[in-house]
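Undergrad: Here it is, the structure, as structure tokens.
Residue numbers (this note's numbering): 766 to 1023.
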């Protein structure tokens, strides 16, 4: 069973959690449900590396707000991890175990319901921020982009309902790929998730590739041991293209150029 988590001072996450908890039974600090349990925590979700010390679940789904300087309205989801210094939770040069099949099913469900969110971009983000130390798969599901959206209960409830839909039925299995290159909002990888055969593990954007060395690369592979392929945003690899190709040469991953 999965555990859904929201930080009590995150308006979007808390609004989603409040809506879902209405149909659940409170047991201590955990809301119990048929398909998943739910927890509202008093500390930020990006620093929730401690969860497994208290809670034993198959995976962790964080409900959260999304902020962007551009102001572009967006509904996003992403795996977590730091490719260099940990400025926003988690540990330096550590990535979390991703949740590829859940991410793919959620984003496809969002896309099918795009008419309800016509002003919003539906996109994944590259892997970023914490927590990074959880041993089970985790994912952030986020509503952006300003306080107006985070406090819009109708919007938050609509998104929460889709989360419930996804998590209340079996999630299809897909082949998994690690992604290299592209921007923070990687359109080629989002397109693959929506229209291609692959679910996505860790997504390392172009600006983080300079931090990739043999040790970090090996760690990423171990956290993505379900992956059989590497997807490359071929025009979005920058000056690190050859380094990435050389690292991939040491693996059995199928290399696919997008």
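Note that the Cβ used here is the ideal one computed from N, Cα and C, for glycine as well.
Given the structure is predicted, the values throughout are model-derived calculations rather than measurements.
Would residue 808 and residue 905 be called neighbours here (beta carbons separated by less than 8 Å)?
TA: Taking 8 Å as the Cβ cut-off, residue 808 and residue 905 do not qualify as a contacting pair.
Undergrad: Which of the three DSSP states, helix, strand or coil, is assigned to residue 904?
TA: Strand, per DSSP.
Undergrad: Which residues in the same chain have their Cβ closer than 6 Å to the Cβ of residue 918, if we skip the five residues on either side of it in sequence?
TA: Hits under 6 Å: 780.
Undergrad: According to the Cβ coordinates, are residue 969 and residue 954 closer than 8 Å?
TA: No, Cβ-Cβ distance for residue 969 and residue 954 is not below 8 Å.
Undergrad: Which first and last residues belong to the beta strand (DSSP E) in which residue 824 is found?
TA: Looking at the DSSP string, the run of the beta strand (DSSP E) that includes residue 824 is 824-832.
Undergrad: Does the beta-carbon distance from residue 828 to residue 802 come in below 8 Å?
TA: No, the Cβ-Cβ distance between residue 828 and residue 802 is not below 8 Å.
Undergrad: On the CB-based measure, 16 or more other CB atoms within 10 Å of its CB, does residue 815 come out buried or exposed?
TA: The residue in question, residue 815, is exposed, as its Cβ has fewer than 16 Cβ neighbours within 10 Å.
Undergrad: Is the Cβ-Cβ distance between residue 894 and residue 853 less than 8 Å?
TA: Contact flag set, yes.
Undergrad: Do you know offhand how far residue 818's Cα is from residue 987's?
TA: Roughly 22 Å separates the two Cα atoms.
Undergrad: If you draw a straight line from the alpha carbon of residue 985 to that of residue 1005, how long is it in whole angstroms?
TA: Straight-line Cα distance between these residues: approximately 17 Å.
Undergrad: According to DSSP, is residue 800 part of a helix, a strand, or is it coil?
TA: Residue state, collapsed to three classes: coil.
Undergrad: Distance, Cα to Cα, residue 975 vs residue 962?
TA: One C-alpha to the other measures close to 29 Å.
Undergrad: Buried or exposed for residue 857, please, with buried defined as at least 16 other CB atoms from any protein chain shown within 10 angstroms of its CB.
TA: By the neighbour-count rule (16 or more Cβ atoms within 10 Å), residue 857 is not buried but exposed.
Undergrad: Can you list the beta strand (DSSP E) stretches of 3 or more residues lying completely in the region 977-1008, in chain order?
TA: DSSP runs (the beta strand (DSSP E)) wholly in the region 977-1008: 992-997.
Undergrad: According to DSSP, is residue 778 helix, strand or coil?
TA: Three-state result, residue 778: helix.
Undergrad: Taking only runs that begin and end inside the region 926-950, name each unbroken beta strand (DSSP E) of 3 or more residues, in chain order.
TA: DSSP runs (the beta strand (DSSP E)) wholly in the region 926-950: 941-945.
Undergrad: Excluding the five sequence neighbours on either side, which residues of its own chain have a C-beta within less than 6 Å of the C-beta of residue 771, listed in chain order?
TA: These residues qualify, in order along the chain: 778, 779, 782, 805 and 828.
Undergrad: Under the assumption that residue 870 contacts residue 937 (Cβ atoms under 8 Å), give the Cβ distance between them as a whole number of angstroms.
TA: Contact holds; Cβ gap of about 7 Å.
Undergrad: In whole angstroms, what separates the C-alpha of residue 1035 from that of residue 980?
TA: The structure shown does not extend to residue 1035, since the chain is modelled only from 766 through 1023, so no value can be given for it.
Undergrad: Need the endpoints of the alpha helix (DSSP H) that residue 838 sits in, please.
TA: Careful: residue 838 lies outside any alpha helix (DSSP H) and carries neither H nor E.
Undergrad: Among 1019, 993, 901 and 977, whose alpha-carbon lies nearest the alpha-carbon of residue 1002?
TA: When only C-alpha atoms are compared, the closest one is 977.
Undergrad: Going by the CB atoms, is the gap between residue 877 and residue 887 shorter than 8 Å?
TA: For residue 887 and residue 877, no; Cβs fall outside 8 Å.
Undergrad: How should residue 890 be labelled, buried or exposed, when 16 other C-beta atoms within 10 angstroms of its C-beta is the threshold for buried?
TA: It counts as buried.
Undergrad: At the level of alpha carbons, what is the spacing between residue 902 and residue 840?
TA: C-alpha separation (whole angstroms): 21 Å.
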